Each structure stands twice: as structure tokens, then as C-alpha cells.
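Residue numbers (the numbering used here): 126 to 240.
We put the CB at the ideal spot given by N, CA and C, even for glycine.
Only a predicted model underlies this, so the values are computations on that prediction, with no experimental measurement involved.
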Amino acid sequence: MTPTLPRTIRAVDTAQMLDLAQEAAMHGFSQRLPVDWLREHLAAEATHYLFPTLVQRLTHRPEVPLQWRCQQLLTVSTGEQIWGLLDVLPDTFDKIPETLDTASKKTSSTASSKQ
């Protein structure tokens, strides 16, 4: 059975984003930007955002754990924001403090179910 994808957004600082990218690289996850690129280009004091969009299971690579494929909104050193994708372990994602309050999550899930 496929686990339920969380309908929330998580905010992380640059150090946390680098740790998440390093974990993805360590596991050989396919959706990630190179850690060295992130270290060079991310704004040091920025807040970045993760939004889980799908459950990623690699049936052809059973040794690779299940992941949440997250859209990420990153702020780079020029001040611009860019989109990317990052595969994150569910347990790792769950340890990131909640960004949305309960009312916002309820509104968000209601809106997405009407689409």
C-alpha cells in the first residue's frame, strides 16, 4: 500500500537544504541538484520551501527506499527564486517542523480536492 502523501509545505534554511540534498545524493535519488552547485548558489540566509507532489518508488531498484518527490522553491544569491525537484525520505520530511497551521492545511487540501 502506498503511504499518504502529506499536503503541506515545509520551510528550511540553507544549511537544512544542503543536508537534504546530501542525503538524497547519498541514497542516489534521481531528483536533486548537485550539493556543490547548491552550496555555491543558494543565498546563505534564505528560507527555501518543499512541497511533496508524489510518492516515488523505484520498483526497478528495490534497494532504494521510498521517497517523497518534492517541488522546491529555492532562493539563490542573486535574490532570484528558482524551482527544482528534490526526493526526500518520508521520515526525514516528517522531522522538518510544520510550516502551515491546521486551518491553512485544511484550506489547501480542500482546494486541491476540488480541482
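### Task
Go ahead and label Trp193 buried or exposed: buried means 16 or more other beta carbons lie within 10 angstroms of its beta carbon, across all protein chains shown.
buried
#### Entry: Reference Ala140, options Ala171, Gln197, Pro128, closest by Cα
Ala171
#### Entry: Three or more C-beta pairs below 8 Å linking the region 194-213 and the region 174-185
yes
#### Entry: Assumed close pair Val213, Leu145 - CB separation to whole angstroms, cut-off 8 Å
6 Å
### Buried or exposed (CB count within 10 angstroms, at least 16 for buried), Met151
exposed
#### Entry: Exposure of Ala149, with buried meaning 16 or more beta-carbon neighbours within 10 Å
buried
### Query
Is it the case that the Cβ atoms of Arg164 and Leu143 are separated by a distance below 8 Å?
yes
### Task
Might you give, ordered along the chain, the residues of its own chain that have their beta carbon closer than 8 Å to the beta carbon of Glu223, omitting 5 neighbours on each side?
Thr133, Arg135
### Task
For the region 141-165, list the alpha helix (DSSP H) runs that are entirely contained and at least 4 residues long, ordered along the chain.
none
### Query
From Lys220, Tyr174, Val160, Asp161, pick the residue whose C-alpha is nearest to that of Trp208; which is it?
Tyr174
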